[in-house]
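Undergrad:
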Amino acid sequence: MSLNPDIAAFLQLVGNGRASGKRVGMHELSPEQAREQFDQSSLLMDAGGEDLALVDELQLPVRDGSLLEARVYSHQPLKAGAGRPALLYFHGGGYVVGSLDSHDSLCRALASMADCVVLSVAYRRAPEFRFPTAANDAQDAWNWLVANAQDLGLDSTRLAIAGDSVGGSLATVLAAQLVGAPVQPRLQVLIYPVTDASRSTSSIERYAEGYLLEKASLNWFYNHYQREAGDRLDPRFSPLLGEVSAGVAPTLLVLAECDPLHDEGVAYARHLQAAGVEVELKVYEGMTHDFMRMGAIIDEAEEAQQHIAERLLEVFAAR
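Given below as structure tokens:
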């Protein structure tokens, strides 16, 4: 299928900016410049967020004594003992860019549509904090959420994890680490995740340039996150290279057809299924990477959010 015409028009604007010299590829920028550009483009793509009763800032302690910034979303005030379900969310951005703000409206939408509390975590970014800091931060955020669930009015038996792009990678690495743990996520939602940073694929070559996320930018991201090239072979960096237990949480995998990460997403779905994990694979035709945050451009963003919310409602309702 061809590229969605509304996304094609948006990409044409991006291309015009690059041709005029007003905009350059992310891989040609410093991390600080890339973060600024990412935040600016987020404002262009985003439709704005839902009004919620509660959007609050938190700080979560992690293993080295640092504090992570986090944000909690709920359409009703938190009340100890209320027993509400919750979603732990990790934003995308190649481990280098992305923030609580860039994914604010997505988290608001999921909190409203799925009738749950959403906790979005600002894991520490590269190159200031390299592998495996982000993965460790994700695990520590889960442990904090479980330990504080009752005080927050959450039901620790009704938790799920999610993330987009490298946030999806962090979510599935966490899901693998939680096999056999006392508290299990009911669902992992992986939105166009990075699953293999160690090699190229047909989709990386096919959509190498001009489809928002580019091959050169992927390498730029990974180089900033890795300590050395061998890190890319670690399952915490490339979960497709790791062994999978049948005890891993059921999985909703949301992919975009016109995305460099498409093929490794499909391969990961098969990898999970081969281990006996329940997987729903949903591929959105004509979409590019990051389409879930393009509510100002395409209707499919809300459709995908609604599909995720329906799955969350379903697993949270199960007893």
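Each step along the sequence shown adds one to the number in UniProt numbering, with nothing skipped, and position 57 is 57. Just so you know, even glycine gets a beta-carbon here, dropped at the ideal spot from N, CA and C. As the structure is a computational prediction, the values presented were derived from the model and not from experiment.
(1) Which of the three DSSP states is assigned to residue 74 in this structure?
(2) How would you write the range of the alpha helix (DSSP H) that residue 169 sits in, first residue to last?
(3) Can you tell me whether DSSP reads residue 319 as helix, strand or coil?
(4) Could you check which residue in 4, 244 and 95 has the C-alpha nearest to that of residue 179?
(5) When the Cα of residue 124 is compared with those of 151, 60, 240 and 109, which residue comes out closest?
(6) Which partner residues does residue 90 have in the DSSP bridge list?
(7) Hey, residue 86 and residue 170: beta-carbon distance below 7 Å or not?
(8) Taking residue 148 as the reference, give the member of 39, 7, 33 and 58 with the closest Cα.
(9) Indicate the three-state DSSP secondary structure (helix, strand or coil) for residue 204 in the structure shown.
(10) Assuming residue 95 and residue 126 form a contact by the criterion Cβ under 8 Å, report the distance between their Cβ atoms to the nearest whole angstrom.
(11) Please work out which residues of its chain come closer than 7 Å, Cβ to Cβ, to residue 221, disregarding the five sequence neighbours upstream and downstream, and give them in chain order.
(12) How is residue 253 classed by DSSP in three states: helix, strand or coil?
(13) Closest to residue 224 by C-alpha separation, out of 6, 279 and 133, would be which residue?
(14) Would the region 269 to 285 and the region 241 to 257 be scored as touching if the rule is three or more Cβ pairs under 8 Å?
(15) Using the beta-carbon count (16 or more within 10 Å), is residue 64 buried or exposed?
(16) Relative to the alpha-carbon of residue 54, which residue among 206, 289 and 78 has its alpha-carbon at the smallest distance?
(17) How would you write the range of the beta strand (DSSP E) that residue 139 sits in, first residue to last?
(18) Give the DSSP bridge partners of residue 282, in chain order.
(19) So what does residue 288 bridge to, in DSSP terms?
(20) Taking contact to mean 3 or more Cβ pairs, one atom from each stretch, closer than 8 Å, check whether the region 204 to 219 and the region 99 to 110 are in contact.
(21) Between the Cα of residue 186 and the Cα atoms of 318, 268 and 121, which residue gives the shortest distance?
(22) Take residue 28 as the anchor and find which of 316, 219, 265 and 301 has the nearest alpha-carbon.
(23) Nearest-angstrom Cα distance between residue 226 and residue 197?
(24) Rounded to whole angstroms, what's the CA-CA distance from residue 32 to residue 293? Just pull it up for me.
(25) Can you look up residue 226 in the DSSP assignment and give me helix, strand or coil?
(26) Is DSSP giving residue 248 helix, strand or coil here?
(27) Just how far apart, CA to CA, sit residue 215 and residue 151?
(28) So, residue 140 versus residue 62, is the Cβ gap smaller than 7 Å?
(29) Might you give, ordered along the chain, the residues of its own chain that have their beta carbon closer than 7 Å to the beta carbon of residue 264, omitting 5 neighbours on each side?
(30) Report yes or no: is there a C-beta of chain C within less than 7 Å of the C-beta of residue 317?
(31) Taking the C-alpha atoms as reference points, what is the distance between residue 246 and residue 176?
TA: Reading from the atomic positions:
(1) Here residue 74 refers to the residue found at position 74 of the sequence shown. Here residue 74 sits in strand by DSSP.
(2) Position 169 of the sequence shown, counting from 1, holds the residue named residue 169. It spans 166 to 177 - the alpha helix (DSSP H) in which residue 169 sits, taken as one unbroken run.
(3) Sequence index remark: in the sequence shown, residue 319 carries index 319 (1-based). Residue state, collapsed to three classes: coil.
(4) In the sequence shown, residue 179 corresponds to position 179, counting from 1. Residue nearest to residue 179 within the set 4, 244 and 95 is 244 (criterion: CA-CA distance).
(5) As a first step, residue 124 is located in the sequence shown; it is residue number 124 there, counting from the start. Ranking the options by Cα distance to residue 124, first place goes to 60.
(6) As a first step, residue 90 must be located in the sequence shown, where it is residue number 90. DSSP links residue 90 through a beta bridge to 121 and 163.
(7) What you label residue 86 is simply residue 86 of the sequence shown in a count that begins at 1. What you label residue 170 is simply residue 170 of the sequence shown in a count that begins at 1. Taking the C-beta atoms as reference points, residue 170 is found no nearer than 7 Å to residue 86.
(8) Taking the sequence shown and counting its residues from 1, one reaches residue 148 at position 148. Comparing Cα-Cα distances from residue 148 to each of 39, 7, 33 and 58, the minimum goes to 58.
(9) Taking the first residue of the sequence shown as 1, we reach residue 204 at position 204. Three-state result, residue 204: helix.
(10) As a first step, residue 95 is located in the sequence shown; it is residue number 95 there, counting from the start. As a first step, residue 126 is located in the sequence shown; it is residue number 126 there, counting from the start. About 5 Å separates the beta carbon of residue 95 from that of residue 126, a gap short enough to meet the 8 Å contact definition.
(11) Along the sequence shown, one-based indexing puts residue 221 at 221. Short of 7 Å from the beta carbon of residue 221, and not among the five residues preceding or following it, lie these beta carbons of its own chain, in chain order: 94, 95 and 96.
(12) The residue labelled residue 253 in the question sits at position 253 within the sequence shown. In the structure shown, residue 253 sits in a strand (DSSP, three-state: E or B).
(13) For this step, residue 224 is matched to residue 224 along the sequence shown. Relative to residue 224, the option among 6, 279 and 133 whose CA is nearest is 133.
(14) Contact between the region 269 to 285 and the region 241 to 257 is established, with three or more Cβ pairs separated by less than 8 Å.
(15) Stepping through the sequence shown from its first residue, residue 64 is reached at position 64. For residue 64, the number of other beta carbons within 10 angstroms of its own is below 16, and it is reported as exposed.
(16) Counting from one through the sequence shown, the residue named residue 54 turns up at place 54. Of the listed residues, the one whose Cα sits closest to residue 54 is 78.
(17) Here residue 139 is taken as the residue at index 139 of the sequence shown, counted from 1. In the DSSP assignment, residue 139 falls outside any beta strand (DSSP E) and lies within the alpha helix (DSSP H) extending over 133 to 147.
(18) Against the sequence shown, residue 282 aligns to sequence position 282. Per DSSP, the beta bridge partners of residue 282 are 254.
(19) Counting from one through the sequence shown, the residue named residue 288 turns up at place 288. DSSP links residue 288 through a beta bridge to 258.
(20) Too few Cβ pairs lie closer than 8 Å, so no.
(21) Numbered from 1 along the sequence shown, position 186 holds the residue referred to as residue 186. It is 318.
(22) Reading the sequence shown from its first residue, position 28 is the one you call residue 28. Restricting attention to 316, 219, 265 and 301, the CA atom closest to the CA of residue 28 is found in 219.
(23) Here residue 226 is taken as the residue at index 226 of the sequence shown, counted from 1. Here residue 197 is taken as the residue at index 197 of the sequence shown, counted from 1. For residue 226 and residue 197, the gap between their C-alpha atoms comes out near 10 Å.
(24) Here residue 32 is taken as the residue at index 32 of the sequence shown, counted from 1. Here residue 293 is taken as the residue at index 293 of the sequence shown, counted from 1. Approximately 21 Å between the Cα atoms of the pair.
(25) For this step, residue 226 is matched to residue 226 along the sequence shown. In the structure shown, residue 226 sits in coil (DSSP, three-state: anything other than H, G, I, E or B).
(26) If you number the sequence shown from 1, residue 248 lands on position 248. Residue 248 sits in coil when the DSSP states are folded into three classes, being neither helix nor strand.
(27) Within the sequence shown, the letter at position 215 stands for residue 215. Within the sequence shown, the letter at position 151 stands for residue 151. Rounded to whole angstroms, residue 215 and residue 151 show a C-alpha spacing of 44 Å.
(28) What you label residue 140 is simply residue 140 of the sequence shown in a count that begins at 1. What you label residue 62 is simply residue 62 of the sequence shown in a count that begins at 1. If you check the CB distance, residue 140 and residue 62 come in under 7 Å.
(29) On the sequence shown, position 264 is the one that residue 264 refers to. These residues qualify, in order along the chain: 195, 196, 201 and 240.
(30) The structure shown contains no chain C; it holds only a single protein chain.
(31) Taking the first residue of the sequence shown as position 1, residue 246 is located at position 246. Taking the first residue of the sequence shown as position 1, residue 176 is located at position 176. If I take the Cα positions, the gap works out to 10 Å.
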